[in-house]
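Before any comments, here is the structure.
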Amino acid sequence: MFEYLIFSVHYYVLFIVFFLHKLRMGSFSSAPKIPNKDVQDEDIDLPDNISKQELLSFCDRELDSEDKLVERRFSTVNKNQDSVDEEPNDYKIRILQWNVLSQALGQNNDNFVCCPDEALDWRRRRYQMLQEIIAHNPDVICLQEVDHFEFLKKTLLTQGYSGTFFPKPDSPCVYIQGNNGPDGCAIFYKTDKYDIIGLETKILEVWRVTSNQVIKIPYIPLFYTLLDLPR
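Residues 1 to 231 (the numbering used here) are what the sequence shown spells out, left to right.
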């Protein structure tokens, strides 16, 4: 009886490990993959030299008059904290980090039952997302759950950004009908300030089990112009 219990527990543990592995990989599904390419934003056509204000006005025209940017209140870092360099330094870097929520998952699987359908419509949401990013004028943009990278790449290029994308190894998006390809993380940076000299991508592990979470680590040195040189 005791040996039987050990045998049963052993296989129960193996099943749990297998279940967690499949769950984290996002593939615990009998549905077949539906491989699609990122092509749902090919209708966007913008001039290369469009200004920030012109781009914001373009987004306004594509949205309803009620779709105004949310006024956000930001917390200021206490300069007395140990993490803040007390030495005077004129250089500042502005970083925006945002989980933009995968469109395929948000509209089909995430059960946003209290959210109006029109707020989940990609034709509307993409311009609101772009407005939010551009309005804050970040130097570096770090985004998660991106499944419309080509839209961001095309529109942010007009504002002097370059970007790179790393998809999840087994994105749950590709099991959804009408998906726009896998979701993953994306990083954009202003090319007049920075350049990437190295790039590292990793698939994270949880309890030594390969997860479905990815990270992208860019190595970005600072380019000083003559006006930026410390005096």
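Beta carbons: idealized from backbone N, C-alpha and C, even for Gly. The model shown is predicted, which means the values in this text are computed figures rather than measured ones.
Between which two residues does the beta strand (DSSP E) carrying residue i extend?
i: residue 154; result: No beta strand (DSSP E) holds residue 154; the alpha helix (DSSP H) holding it covers 149 to 157.
i: residue 189; result: 184 to 190
i: residue 163; result: 161 to 167
i: residue 109; result: Segment: none, residue 109 is in no beta strand (DSSP E) and carries neither H nor E.
Which residues does DSSP pair with residue i in a beta bridge?
i: residue 201; result: 216
i: residue 173; result: Answer by DSSP bridge pairing: none, since residue 173 is not bridged.
i: residue 77; result: Residue 77 pairs with nothing; no bridge assigned.
i: residue 143; result: 98 and 186
For a quick check, are the C-beta atoms of residue i and residue j less than 9 Å apart?
i: residue 181; j: residue 145; result: no
i: residue 63; j: residue 158; result: no
i: residue 191; j: residue 44; result: no
i: residue 41; j: residue 151; result: yes
Only counting the same chain, and skipping five residues up and downstream in sequence, which positions put a Cβ closer than 7 Å to that of residue i?
i: residue 33; result: 174 and 175
i: residue 129; result: 100
i: residue 110; result: none
i: residue 138; result: 94, 95 and 96
Answer with yes or no whether the minimum CB distance from residue i to chain B is below 9 Å.
i: residue 180; result: Of the protein chains in this structure there is only one, and it is not chain B.
Is residue i helix, strand or coil when you go by DSSP?
i: residue 40; result: coil
i: residue 127; result: helix
i: residue 57; result: helix
i: residue 98; result: strand
i: residue 230; result: Note on residue 230: pLDDT 39, under 50, position unreliable in the model; no value is reported.
How far does the alpha helix (DSSP H) with residue i in it reach, from first residue to last?
i: residue 120; result: 117 to 120
Quick one: what's got a C-beta closer than 8 Å to residue i's C-beta in the same chain, skipping five residues either side?
i: residue 168; result: 26, 182, 183, 184, 212, 213 and 214
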